[in-house]
Structures are given as C-alpha cells and as structure tokens.
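Report on one structure; see the data block that follows.
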Amino acid sequence: FRSAEELMVEQARRLTAVRRAAQGKGLELVTVKADGNCLLRLIARYLGHDSETTQFPELREQLAARLRDGVSDKEAWTLGYSLEEAVDFQTDGRFGELVHLQAAALQFGVRILVINAGDSGGSMFDPVERWLEPAGTDGSASVWVFIHDGGNHWYGAQPLAPTEGFKLQRAE
Numbered sequence: 088f089r090s091a092e093e094l095m096v097e098q099a100r101r102l103t104a105v106r107r108a109a110q111g112k113g114l115e116l117v118t119v120k121a122d123g124n125c126l127l128r129l130i131a132r133y134l135g136h137d138s139e140t141t142q143f144p145e146l147r148e149q150l151a152a153r154l155r156d157g158v159s160d161k162e163a164w165t166l167g168y169s170l171e172e173a174v175d176f177q178t179d180g181r182f183g184e185l186v187h188l189q190a191a192a193l194q195f196g197v198r199i200l201v202i203n204a205g206d207s208g209g210s211m212f213d214p215v216e217r218w219l220e221p222a223g224t225d226g227s228a229s230v231w232v233f234i235h236d237g238g239n240h241w242y243g244a245q246p247l248a249p250t251e252g253f254k255l256q257r258a259e
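The sequence shown runs 88 to 259 under the working numbering.
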C-alpha cells in the first residue's frame, strides 16, 4: 500500500516524463480529465468535439464494434481479445488500451503515433514509440498523437507552433 504522498510524487514523475516525451518531438501536451474516459476524450477532441461535454457511449460503441469485428474475423491487430472484452469496453470509465487506438485508426482512417513515456516493465505499451495505421494508407492520412504515462492515463499532443500541413515523420 502506498501513501497519498507517494502516489502524488509518482504522478508528478509520470507527468514530467510525458512532457519530456512531447517536447522531444516538438509537441505540446494536451491534457484531459483522468476519469477512465481519457482516451475517448482525446479521440473526441481529435474529431473536433468538445472533450469535456461529449458523451462517450456512441464513440465507445463505434470502437467496440470495430474491435468485435476484428475479433470475429480473427484479425491480427486484436491481440487475442475476446468478444466479451470488446463488449466490456462499452462500459463508461473502462480504460482504453492500445487495441482501442488501433480500432480508432481503422474506424477513422487516421495514422496514430503512440508514445509510451513511462516505465511499462514489458507491458503491451512496448516499444516506446509505435505507429498504428489503417490498411492501405499512403502516409498522407491525418496524424493523431497519444502519449501514455506508463500507468493508467493517456495524453494527446499537438505541434508547439501552428504548422500548416503538420506531419510527423516516422522514425525508420
């Protein structure tokens, strides 16, 4: 059991690592409420919706449906998820994972850069940087950036200065 003070120190350490990861890419951190809907709040923001007032059942259903389809079709990106787990994601506050970002890339036709700023200890968030892309993309699709803190929270990122035609280049 950890004290409230230890948890606050850990949270501050993770936030510092996330800020560093964003700055290392020339990006500004986008923060959202940490209420179990952080991933959906960021997706809503990228889709142009108000991430504070948007209701998430419809968005959860879209991603869960895409995941259910992937599981049913035994698509490799589903990482062995079960239909029950896909349905469970529809529950408000259910933490979003890497597989839900892949579902978003496919559902909305965007390229997603996922950066893990925390020490995941060999979890599903390794490697530290990973691209998720819809099938058949030519590299010109919009780019969404998500940064995971290595714990249980997602952040977004955007260019530090407004840049027309902003594109992150994949590290080869």
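The beta carbon of each residue, even a glycine, is placed where N, CA and C say it ideally should be.
Small disclaimer: the values here were computed from a predicted structure and weren't measured.
Grab me the residues of Gln194's own chain with a C-beta within less than 8 Å of its C-beta, minus the 5 sequence neighbours each way, in chain order.
Translated into positions along the sequence shown, residue 194 becomes position 107. Excluding positions up to five away in sequence, the list reads Gln149, Leu150 and Arg153.
Please go through the same chain and pick out, in chain order, the residues whose beta-carbon is closer than 6 Å to the beta-carbon of Ala190, but skip the five residues on each side of it.
Working through the sequence shown from its first residue, we reach residue 190 at position 103. Cβ neighbours of Ala190 beyond the five flanking positions: Leu150, Arg153 and Leu154.
Between which residues of its own chain and Arg101 is the CB-CB distance below 8 Å, once the five residues before and five after are set aside?
Indexing the sequence shown from 1 puts residue 101 at position 14. Cβ within range, chain order: Ala204, Gly205, Asp236, Gly237, Gly238 and His240.
Which term fits Ala108, buried or exposed, when burial requires 16 or more other beta carbons within 10 angstroms of its beta carbon?
The sequence position of residue 108 within the sequence shown is 21, counting from 1. When all chains shown are included, Ala108 counts as buried.
Output the distance between the C-alpha atoms of Gln245 and Glu145, rounded to the nearest integer angstrom.
If you number the sequence shown from 1, residue 245 lands on position 158. If you number the sequence shown from 1, residue 145 lands on position 58. Cα to Cα, the separation comes out at about 25 Å.
Of the listed residues Leu170, Leu129 and Glu92, nearest to Tyr242 (C-alpha basis)
Start at 1 with the first residue of the sequence shown, and residue 242 comes out as number 155. It is Leu129 whose Cα lies nearest to the Cα of Tyr242.
In this structure, does DSSP put Phe182 in helix, strand or coil?
Taking the first residue of the sequence shown as position 1, residue 182 is located at position 95. In this structure, Phe182 counts as coil in the three-state DSSP scheme.
Below 7 Å between beta carbons: does that hold for Val105 and Ile234?
By 1-based counting over the sequence shown, the position of residue 105 is 18. By 1-based counting over the sequence shown, the position of residue 234 is 147. Yes; because the gap between Cβ atoms is below 7 Å, this pair is in contact.
Please name the residue, chosen from Ala192, Arg217, Gln177 and Glu139, that lies closest to Ser229 on a Cα-to-Cα basis.
Mapped onto the sequence shown, residue 229 falls at position 142. Looking at the Cα atoms, Ala192 is the closest of the given residues.
CA-to-CA distance, Tyr168 to Gln98, given in whole angstroms
Your numbering for residue 98 matches position 11 in the sequence shown. Your numbering for residue 168 matches position 81 in the sequence shown. If I take the Cα positions, the gap works out to 29 Å.
Compare the Cα-Cα distances from Asp122 to each of Val201, Thr178 and Ala91 and report the closest residue.
Sequence index remark: in the sequence shown, residue 122 carries index 35 (1-based). Answer by Cα proximity: Thr178.
Please work out which residues of its chain come closer than 6 Å, Cβ to Cβ, to Gly209, disregarding the five sequence neighbours upstream and downstream, and give them in chain order.
The count along the sequence shown starts at 1 and reaches residue 209 at position 122. For Gly209, the predicted structure reports a pLDDT of 49, less than 50, and the residue's modelled location is therefore unreliable. A value from the coordinates is still provided. Counting only Cβ-Cβ distances below 6 Å, and skipping sequence neighbours, we find nothing.
Taking 7 Å as the threshold (C-beta atoms), are Leu166 and Val158 in contact?
Numbered from its first residue, the sequence shown carries residue 158 at position 71. Numbered from its first residue, the sequence shown carries residue 166 at position 79. Against a cut-off of 7 Å, the Cβ pair of Leu166 and Val158 comes out as no contact.
DSSP three-state call for Gln177: helix, strand or coil?
Within the sequence shown, the letter at position 90 stands for residue 177. Of the three classes helix, strand and coil, the one that applies to Gln177 here is coil, per DSSP.
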